[in-house]
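Here's the structure, in structure tokens; my notes come after.
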DNA sequence: GCCCCTGTGACACGTCTGTGACAGTCGGCG
DNA sequence: CGCCGACTGTCACAGACGTGTCACAGGGGC
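Protein chains in written order, with this note's numbering: chain Z, 4 to 231; chain E, 4 to 231.
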């Protein structure tokens with residue numbers, strides 16, 4: 004990655020956009036800006052930024068939709084800006100594929116801290132393998148090994164594990180996992196996620212009945228734990 | 004790592020303003036200044052500082068009022084400057100939404116220390132974890148640890164703690180907590196909140212019988228205290 | 001000292017999760 | 001073209017766990 008992070012800021016409000024651009028420049032970033040989702044998507048193709056800061060409330064196609072479109076072709080990190088401190092937005096945001104979200108009004112240095120955190124995480128991820136205890140996930144080869152032995156994961160199991168390992172230590176709700184792994188909304192809940200988690204545990208955990216890697220977060224969902 | 008903090012100093016006395024500006028610049032801050040509340044509010048919109056240092060005694064709209072107006076739309080940190088060491092001012096100031104409070108005459112390096120303290124606090128809060136004494140709340144992982152040991156909180160206990168920690172130092176009534184945590188209104192009162200608080204204390208407090216974190220506010224409800 | 005408020009333990013109910021079985025779907029291969 | 005196997009989604013169920021209620025005791029405030 005370039006020594007100076009290159010950001011694309013998509014925000015329609017002139018005052019906020021200019022202010023954030025100024026602030027982020029002062030924090031040592033290179034910044035490109037766009038005032039609409041359409042412009043943002045175009046600029047994205049031209050300029051290849053390292054990270055996108057994206058307002059949710061945009062005229063025309065909204066931030067969530069922009070997020071989804073970007074995700075269809077690109078994996079670069081996205082930080083959502085949302086006006087409401089509403090948790091619902093947070094959930095929808097992460098489900099649409101964002102890496103982080105920040106509630107407006109936002110201080111420049113807070114945004115900067117989040118940006119750096121996401122970029123750091125990205126660097127870790129871009130390495131081709133991740134290790135969790137005796138488990139090694141090779142993203143390039145798309146293989147998972149336990150104690151050096153190759154695990155035969157099915158496509159869905161693998162996607163589930165990859166999504167969990169994209170955010171190690173972070174609890175993900177069943178809804179979030181459904182969107183991330185299965186890419187569809189459920190209105191009611193189903194045992195689908197549970198069933199897949201169970202199958203994954205059977206292959207991944209040393210003692211599937213008392214899992215140490217894929218932990219249940221009661222009332223929420225699941226979380227991939229990093230062993231100390 | 005520290006990017007240069009950008010401050011807005013609102014102070015009508017020319018001598019003090021110039022002196023503080025000079026001093027703060029020497030401490031490594033970037034400083035914008037305004038000589039009145041009106042100018043300050045305008046500059047705020049344009050420049051988006053990281054923090055505001057605000058004199059209480061201003062011609063026209065006074066500091067408290069400026070503070071309240073800022074708070075209506077913004078959450079950025081505010082440090083109040085006052086000439087009087089009067090305690091009443093402290094109370095009014097903190098009630099109007101200030102984050103800290105410094106009595107004039109103030110040395111530049113003292114103000115600098117306060118500024119850095121407030122900014123640090125802001126950065127901590129902006130991350131997904133919060134610390135109260137030996138207690139660490141990780142909002143992303145949905146875990147709570149005490150002295151590094153993982154506490155097994157139940158979903159409701161966790162929600163209760165999260166809601167309290169969203170407003171540290173603020174007393175919340177049982178009604179408010181019922182709405183926030185249980186999401187339903189009760190007409191009569193019940194011991195429900197008390198019971199949950201008790202269970203939470205049993206896990207969170209060092210000495211549950213004399214709680215230091217989750218304090219009872221008689222006749223009102225409960226409050227999460229930040230240890231000094 | 002009195003009364004109201006709060007802390008506390010027990011208990012029964014309800015919700016959530018893990019689990020095994022089963023059926024539908026899809027792709028590969030003969 | 002059809003069979004077969006693997007994979008996946010659904011369902012039902014049992015058990016664990018968490019939760020709300022109640023009664024009562026203790027204590028602080030007026």
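Think of the CB as a built atom: it goes at the ideal place given N, C-alpha and C, for glycine as much as any other residue.
- The Cβ-Cβ distance between residue 196 of chain Z and residue 183 of chain Z does not fall below 8 Å.
- In this chain, residue 101 of chain E is not harboured by any alpha helix (DSSP H), its DSSP state being neither H nor E.
- An exposed status is given to residue 17 of chain Z, since fewer than 16 other beta-carbon atoms sit within 10 Å of its beta-carbon.
- Going by C-alpha positions, residue 9 of chain Z is about 12 Å away from residue 115 of chain Z.
- The DSSP-derived three-state label of residue 142 of chain E is coil.
- The C-beta of residue 195 of chain E comes no closer than 8 Å to any C-beta of chain Z.
- Taking the C-beta atoms as reference points, residue 84 of chain Z is found nearer than 8 Å to residue 109 of chain Z.
- Ranked by how close their Cα comes to the Cα of residue 64 of chain Z, the residues Z:74, Z:154, Z:178, Z:39 have Z:39 in first place.
- The secondary-structure analysis by DSSP pairs residue 56 of chain Z across a beta bridge with Z:12, Z:82.
- Bridge partners of residue 175 of chain E according to DSSP: E:225.
- Sorting E:86, E:101, E:53 by C-alpha distance to the C-alpha of residue 72 of chain E places E:101 at the top.
- In this structure, residue 45 of chain E and residue 11 of chain E do not form a Cβ contact; the two beta carbons are roughly 11 Å apart against a cut-off of 8 Å.
- Around the beta-carbon of residue 221 of chain Z, fewer than 16 other beta-carbon atoms lie within 10 Å, marking it exposed.
- Here DSSP, grouped into helix, strand and coil, assigns residue 200 of chain E to helix.
- Residues of chain Z with a Cβ closer than 7 Å to the Cβ of residue 48 of chain E are, in chain order, 18.
- Proximity of chain Z to residue 67 of chain E at the Cβ level (cut-off 8 Å) is not reached, the minimal Cβ distance being about 20 Å.
- Shown here, residue 132 of chain Z sits in a strand according to DSSP, grouped into three states.
- In terms of Cβ geometry, residue 164 of chain Z and residue 140 of chain Z form a close pair [threshold 8 Å].
- Remark: C-beta atoms of residue 154 of chain Z and residue 148 of chain Z approach each other more closely than 8 Å.
- By the rule that beta-carbons nearer than 8 Å mark a contact, residue 37 of chain E does not touch chain Z.
- Secondary structure of residue 36 of chain E (DSSP, three-state): strand.
- Put simply, the backbone Cα of residue 211 of chain Z is about 30 Å away from that of residue 202 of chain E.
- Here residue 149 of chain E carries a strand assignment [DSSP, helix/strand/coil].
- For residue 69 of chain Z, the enclosing alpha helix (DSSP H) begins and ends at 66-76.
- Residue 171 of chain Z places its beta carbon 8 Å or farther from that of residue 125 of chain Z.
- Scanning chain E for C-beta atoms nearer than 9 Å to the C-beta of residue 172 of chain Z yields 141, 143, 144, 146, reported in chain order.
- Closest in C-alpha terms to residue 56 of chain E, from the list E:103, E:152, E:86, E:68, comes E:103.
- With respect to the 8 Å criterion, residue 22 of chain Z and residue 50 of chain E are classified as neighbours on the basis of their beta carbons.
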